[in-house]
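Colleague:
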Amino acid sequence: MLLRVLMRLRRFFLFLGASLCCGSQLVAQKPAADLIITNAKIWTVDKARPQAEALAVMGDRIIAVGSANEMDAWHGPQTKVLDAKGKLLLPGFNDAHVHFVGGGSHLQEVQLKDADSPEEFARRIGERAKATPKGEWITGGDWDEQRWSPPNLPTKELIDALTPNTPVWVNRHDGHESLANSVTLRLANITAKTPDPPGGQIVHDAQGNPTGVLRDAATNLVDKVMPPISRARRLRAIHQALEHAASLGVTSVQDKNPPYEDVKAYAELEEQGELTVRMYVAPMETDWKDQAKIGVRHAFGTSLLRMGAVKGYADGSLGSETAYFFDPYTDDPKSHGLLSDEMHPPSAMLARLKGADAAGLQLCVHAIGDRGISMILDFYEQIEKANGKRDRRWRIEHSQHLAAKDFARYARLGVIASVQPYHAIDDGRWAEKRIGTDRIKRTYAFRTFLDNGVRLAFGTDWPVAPLSPMWGIYAAVTRATLDGKNPDGWVPEEKIGVAEAIKAYTLESAYAEFQDKEKGSITSGKLADFVILSDDIFKIPPTAIKNVKVEATYLGGKLVYGGLE
Ligand SMILES: [Zn+2]
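Numbers 3 to 567, taken from this note's numbering, label the letters of the sequence shown in order.
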């Protein structure tokens, strides 16, 4: 009897011991992945392991990268396993230069570019008017009357009856002319008696009444009475931009000179869990003290929303002949281009940049012409002398036309060339006429930058160029101009490889926002931002890269576009 009791007690203690033991095993057991993707062709952009077959995700982080077998250790009962069917998987794209709300607004605007007749033009504006909330304007459009026969400019009479209460202000595709309806003309106080402003023209009909078309400087008469964008419209634009970005595999963007209202809207969306693109915002350098006085430094914030950079302008653009050059324009020998308002005088710009740098803010300055770029490099040298050396990741936005001597200065100062390859195949159609045969050799000089040890961060300047990274990579690799006239590349010596272009669009743009330890490659411990493409851009002919589709976009381990099933 006693023996039986003792046996039972022993069994009980054995049981207790076993369960304690199992308990400690549970604690020691490796946690399981939420998601494993296998059978992928992963191009990691990680030097330590350039290629892999599978990855595992836990929460918003990558926890393992390697062979399918290596993922077994992370496989648990709740783990979702997806077969990528051998498709190419890349880190999510990081667009180093966008105007995000501008881009979203552009997507929302009435589309008139392919309206092939005045009737179709009017019909689309009429449709839009029905859907436009009271008080909002109809803008954008990009109409082109050259597609109509006869190619007469549109008039307000075409659309007035369809838009009795909605202000319309739609631009021609070249941006030099816009059409106003009668509501808009009234708001701008433009009548038959209004004189043409200097540099502008109000187009009149046979009776001397304004037709609604305003040219160049005359467009300011309307622009200045346009109300600021409403909160509802801003939010709609951001939602549309987020959706568009996800569909293109863009998981991070660096938003240049947004108004603070935009930043506020991003912050609200982050709070609501609706921000599906990581943002790094760089408000205008003229306002640098706003960030400095509350102690914000570079890359301050969360993994979804950061600030701490400032954006400035040194000069204008090549298209408008305002990029600032040492030598005059080839097609306008009297003009060297123009410095921006912020550079009047240059010493004032330097003082602000120096102050912003001393406060720990990152400097991103738009400079396009060789002389504009050189002046900013001079400033950076002086600021380094004044404020001492440190890891600053200075940037020159666009970095389009270089003086031969300046490549080495980028490298020495660690300045990042924040460039937009699409502009090369766009401007390449006419740039030579404007700046001649010598300067085009150092234009969009991506190869020379890399050969000089300069970091390239890729972006688009969206909505100036399309947001699609596939177009950007295509442009950098082929340099085939949009007019089809340079199938083997415009200034072909400056082409770069597919792997280099991907790196510039991922790890290097992450570096350009101080986030290369957090994202930009498929590396264990980094944020699980990645894309799966329809085709292998290493294998297909480079000319086909622009047609490649994104099949799935993951942000922090969550599917935000498409899918594998
Ligand atoms: Zn820009």
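For each residue, glycine too, the CB sits at the ideal point set by N, CA and C.
1. If you compare alpha carbons, which of A325, M286, P261 is closest to Q364?
2. According to DSSP, which residues form a beta bridge with E399?
3. Would you say D463 touches ligand 1, meaning its beta carbon is less than 8 Å from a heavy atom?
4. Straight-line CA distance for H206 to D218?
5. Grab me the residues of P347's own chain with a C-beta within less than 7 Å of its C-beta, minus the 5 sequence neighbours each way, in chain order.
6. Does DSSP put V100 in a helix, in a strand, or in coil?
7. Looking at the strands, I want to know which residues DSSP matches up with I38.
8. For the segment 119 to 136 and the segment 277 to 291, state whether three or more C-beta atom pairs, one from each stretch, are separated by less than 8 Å.
9. Tell me the DSSP bridge mates of S180?
10. Return the CA-CA distance between F540 and A501, expressed in angstroms with no decimal places.
11. Considering only heavy atoms of ligand 3, does any lie closer than 8 Å to the CB of V103?
12. Consider the C-beta atom of V466 and the heavy atoms of ligand 1; say whether any pair is separated by less than 8 Å.
13. Does the Cβ-Cβ distance between G491 and A530 come in under 9 Å?
14. If I'm right that T555 touches G251 with Cβ under 8 Å, what's the distance once you round it to whole angstroms?
15. What does a CB cutoff of less than 7 Å around F302 pick up in its chain, not counting 5 residues either side in sequence?
16. Following the continuous alpha helix (DSSP H) through D144, name the residue where it begins and the one where it ends.
17. Less than 9 Å between the beta carbons of P423 and A478, yes or no?
18. Enumerated in chain order, which unbroken segments of the alpha helix (DSSP H) with a length of 4 residues or greater are wholly contained in the segment 490 to 515?
19. In chain order, what residues of the same chain lie with their CB nearer than 6 Å to the CB of S655, ignoring the 5 residues before and after it?
20. Short check: CB of Y476 to CB of K548, under 9 Å?
21. At a threshold of 8 Å, does E399 count as lining ligand 1 (C-beta to nearest heavy atom)?
22. Would you kindly work out how many angstroms separate the C-alpha atoms of D317 and I385, rounded to a whole number?
23. Tell me P466's beta-bridge partners as DSSP assigns them.
24. Of the residues G201, I64, S69, K136, which one's Cα is nearest the Cα of A54?
25. Just curious, the beta strand (DSSP E) that D257 is in, first and last residue?
26. What does the alpha-carbon distance come out to for the pair G25 and K291?
27. Bridge partners for V67 per DSSP, in chain order?
28. Return the residue from the list H241, W45, R431, R392 that minimises the CA-CA distance to L484.
29. Within 8 Å: the Cβ of K258 and any heavy atom of ligand 1?
30. Quick one: is the Cβ of H403 within less than 8 Å of any heavy atom of ligand 1?
31. Could you compute how far the alpha carbon of F327 sits from the alpha carbon of R373?
32. Bridge partners for Y446 per DSSP, in chain order?
33. Does the beta-carbon of E553 have 16 or more other beta-carbons within 10 angstroms, so that it is buried, or is it exposed?
34. For ligand 1, I want to know if H425 counts as a neighbour, meaning its beta carbon is within less than 8 Å of at least one of the ligand's heavy atoms.
35. Throw me the rounded Cβ distance for the P166 and W139 pair, which I believe falls under 8 Å.
36. For a test of the three-state rule: what should DSSP assign to H300, helix, strand or coil?
Modeller: Taking the geometry as given:
1. The shortest Cα separation from Q364 among A325, M286, P261 belongs to M286.
2. Paired residues: H368, S420.
3. Yes, since a heavy atom of ligand 1 falls inside the 8 Å radius drawn around the Cβ of D463.
4. Going from the Cα of H206 to the Cα of D218 covers about 15 Å.
5. Closer than 7 Å at Cβ, skipping near neighbours: no residue.
6. If DSSP states are grouped into helix, strand and coil, V100 belongs with the strands.
7. BP columns for I38 point to A58, V83.
8. Because the criterion of three Cβ pairs below 8 Å is not met, the segment 119 to 136 and the segment 277 to 291 do not touch.
9. When beta bridges are read from the DSSP output, S180 appears opposite N173, L216.
10. Each residue's alpha carbon lies about 8 Å from the other.
11. Questions concerning ligand 3 fall outside what the structure shown contains, since the ligands it does hold are ligand 1.
12. At least one heavy atom of ligand 1 falls within 8 Å of the beta-carbon of V466.
13. Not in contact: G491 and A530 (Cβ atoms no closer than 9 Å).
14. Contact between T555 and G251 holds, since their C-beta atoms are separated by about 5 Å, short of 8 Å.
15. Excluding its 5 nearest sequence neighbours in each direction, F302 has C-beta neighbours in its own chain below 7 Å: R308, M309, G310, listed in chain order.
16. Per DSSP, D144 belongs to no alpha helix (DSSP H); it is in the beta strand (DSSP E), 140 to 145.
17. If you check the CB distance, P423 and A478 come in under 9 Å.
18. Entirely contained in the segment 490 to 515, the alpha helix (DSSP H) runs reaching 4 residues are, in chain order, 500 to 507, 509 to 513.
19. The displayed coordinates of the chain run from 3 to 567. Any statement about residue 655 would go beyond what the structure contains.
20. If you check the CB distance, Y476 and K548 come in under 9 Å.
21. Yes, since a heavy atom of ligand 1 falls inside the 8 Å radius drawn around the Cβ of E399.
22. The straight-line gap separating the alpha-carbon atoms of D317 and I385 is approximately 20 Å.
23. At residue 466 the sequence reads Val, which differs from the Pro that was named. None, per the DSSP bridge assignment.
24. Of G201, I64, S69, K136, the residue nearest in Cα terms is S69.
25. Residues 252 to 258.
26. The predicted model places G25 with a pLDDT of 42, which falls under 50 and marks its position as unreliable; any figure quoted below should be read in that light. Approximately 56 Å between the Cα atoms of the pair.
27. Residue pairing by DSSP puts V67 in a beta bridge opposite L57.
28. Closest option to L484, Cα to Cα, is R431.
29. Result yes, Cβ under 8 Å from ligand 1.
30. No - ligand 1 has no heavy atom lying nearer than 8 Å to the Cβ of H403.
31. Rounded to whole angstroms, the gap between the alpha carbons of F327 and R373 is 5 Å.
32. The beta-bridge partner set that DSSP reports for Y446 is empty.
33. The Cβ neighbour count for E553, taken over all protein chains shown within 10 Å, is at least 16; the residue is labelled buried.
34. Checking the 8 Å criterion, the Cβ of H425 is out of range of every heavy atom belonging to ligand 1.
35. Contact doesn't hold; Cβ gap of about 14 Å is too wide.
36. In the structure shown, H300 sits in coil (DSSP, three-state: anything other than H, G, I, E or B).
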